[in-house]
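Written below as structure tokens is the structure these notes are about.
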Amino acid sequence: RKEVEQDPGPFNVPEGATVAFNCTYSNSASQSFFWYRQDCRKEPKLLMSVYSSGNEDGRFTAQLNRASQYISLLIRDSKLSDSATYLCVVNRRTNFGNEKLTFGTGTRLTIIP
Amino acid sequence: GAVVSQHPSWVICKSGTSVKIECRSLDFQATTMFWYRQFPKQSLMLMATSNEGSKATYEQGVEKDKFLINHASLTLSTLTVTSAHPEDSSFYICSARPGLNYEQYFGPGTRLTVT
Chain Z
1 RKEVEQDPGP FNVPEGATVA FNCTYSNSAS QSFFWYRQDC RKEPKLLMSV YSSGNEDGRF
61 TAQLNRASQY ISLLIRDSKL SDSATYLCVV NRRTNFGNEK LTFGTGTRLT IIP
Chain Y
1 GAVVSQHPSW VICKSGTSVK IECRSLDFQA TTMFWYRQFP KQSLMLMATS NEGSKATYEQ
61 GVEKDKFLIN HASLTLSTLT VTSAHPEDSS FYICSARPGL NYEQYFGPGT RLTVT
């Protein structure tokens with residue numbers, strides 16, 4: 001089983017729509033959680049951290065459910081510029097004492113004009 | 001702030017040759033740098049974690065003698081792919097972190113093609 005699982009999509013949604021992505025992680029020792037976006041052939045960029053209390057940044061809302069080991073991202077009023085691959089990422093400490101980010105394979109989103 | 005550069009941005013080399021990729025933190029000192037690899041339509045996979053002045057810690061399945069990592073200063077880490085083969089063709093991305101509780105900042109990546 002993959003450590004981080006995401007629906008690969010693609011999600012094709014009209015501009016202005018609301019879209020939700022989900023992600024599950026298998027390692028209960030995971031400590032922190034993030035959503036990144038990655039544009040084609042580019043590096044990933046941090047979109048937002050995810051907390052159990054839920055957090056919002058403009059049109060983006062992220063939520064973490066530790067009991068279910070489930071992470072979500074909601075995008076409201078989607079824009080053409082939101083088209084990208086969204087990566088669910090978890091962070092945990094390894095046996096060597098390092099911190100390790102584990103990336104999901106990403107969910108591809110295309111906003112249609 | 002928090003800019004990480006990589007050089008080269010893309011490279012084509014012949015099978016059997018070695019390729020060196022540089023990762024630099026331009027406006028901060030990075031106590032830790034990370035090297036990732038991403039094959040097409042797959043997730044980023046951590047290859048190794050490098051702390052300045054010490055040997056890199058490699059992930060399971062990553063050959064340390066094939067992927068040589070040097071982190072000699074707080075602003076520079078290098079990854080050398082030795083005796084490259086076509087299956088090493090991939091997108092190599094580094095990241096750097098100023099300290100333990102800081103975000104990782106990613107470089108723009110290096111696209112390696114081995115012919």
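Residue numbers (this note's numbering), protein chains in the order written: chain Z, 1 to 113; chain Y, 1 to 115. Every residue gets a Cβ at the ideal spot worked out from N, C-alpha and C, and that includes glycine.
### Task
For L46 of chain Y, go through chain Z and note every residue whose CB falls closer than 8 Å to its CB, in chain order.
Those within 8 Å of L46 of chain Y in chain Z are K100, L101 and T102.
### Message
Residues of the segment 50-81 of chain Z in Cβ contact with chain Y at a cutoff of 9 Å, in chain order, please.
### Response
Interface annotation for the segment 50-81 of chain Z against chain Y: empty, criterion Cβ-Cβ distance under 9 Å.
### Task
Return the bridge partner residues of F67 of chain Y from the DSSP annotation.
Answer is Y:V81.
### Query
In whole angstroms, what is the alpha-carbon distance linking V89 of chain Z and S81 of chain Z?
V89 of chain Z and S81 of chain Z: Cα-Cα distance of roughly 21 Å.
### Task
May I have a chain-ordered list of the beta strand (DSSP E) segments no shorter than 3 residues that lie completely inside the segment 1-50 of chain Z?
Taking only runs of at least 3 residues, the beta strand (DSSP E) segments lying wholly in the segment 1-50 of chain Z are 4-6, 11-14, 19-25, 32-38 and 44-50.
### Query
Which of helix, strand or coil does DSSP assign to L80 of chain Z?
Helix, per DSSP.
### Query
Apart from the five residues on each side of it in sequence, which residues of its chain come closer than 6 Å, Cβ to Cβ, to V4 of chain Z?
Around V4 of chain Z: Y25, C88, V90, T102 and G104.
### Task
Write down the C-beta distance between S83 of chain Y and S9 of chain Y rounded to the nearest angstrom, noting that I regard them as a contact closer than 8 Å.
Not quite, the Cβ-Cβ distance comes to about 23 Å (not below 8 Å), so this is no contact.
### Query
Is A84 of chain Z near the ligand COA, with its Cβ less than 8 Å from a heavy atom?
Absence of the ligand COA from the depicted structure is noted, as is the absence of any ligand whatsoever, leaving it without description.
### Query
Using CA coordinates, which residue listed in Y:L44, Y:T80, Y:T32 and Y:P40 is at the minimum distance from T57 of chain Y?
Of Y:L44, Y:T80, Y:T32 and Y:P40, the residue nearest in Cα terms is Y:T32.
### Query
Between Y:P98, Y:V62, Y:E52 and Y:D65, which lies nearest to A72 of chain Y when the distance is taken from Cα to Cα?
The residue among Y:P98, Y:V62, Y:E52 and Y:D65 with its C-alpha nearest the C-alpha of A72 of chain Y is Y:E52.
### Query
Residues in its own chain within less than 6 Å of D39 of chain Z by CB, not counting five upstream and five downstream?
Only residues of its own chain outside the window of five on either side were considered, and among them A84 have a CB closer than 6 Å to the CB of D39 of chain Z, listed in chain order.
### Task
Check the Cβ-Cβ distances between F67 of chain Y and every residue of chain Z, and say whether any is below 9 Å.
Under the Cβ criterion of 9 Å, F67 of chain Y is not counted among the residues facing chain Z.
### Task
Write down every uninterrupted run of the beta strand (DSSP E) in the segment 2-64 of chain Y whose length is 3 residues or greater and which is fully enclosed by it, in chain order.
Listed in chain order, the complete beta strand (DSSP E) runs (minimum 3 residues) inside the segment 2-64 of chain Y are 4-7, 10-13, 19-25, 32-38 and 45-51.
### Query
Under 9 Å between C-beta atoms, does K55 of chain Y make it to chain Z?
Not a single C-beta of chain Z is nearer than 9 Å to the C-beta of K55 of chain Y.
#### Entry: Neighbour flag for I26 of chain Y against chain Z, beta carbons, 9 Å
According to the sequence displayed, residue 26 of chain Y carries Leu and not Ile. Cβ-Cβ to chain Z under 9 Å: no for L26 of chain Y.
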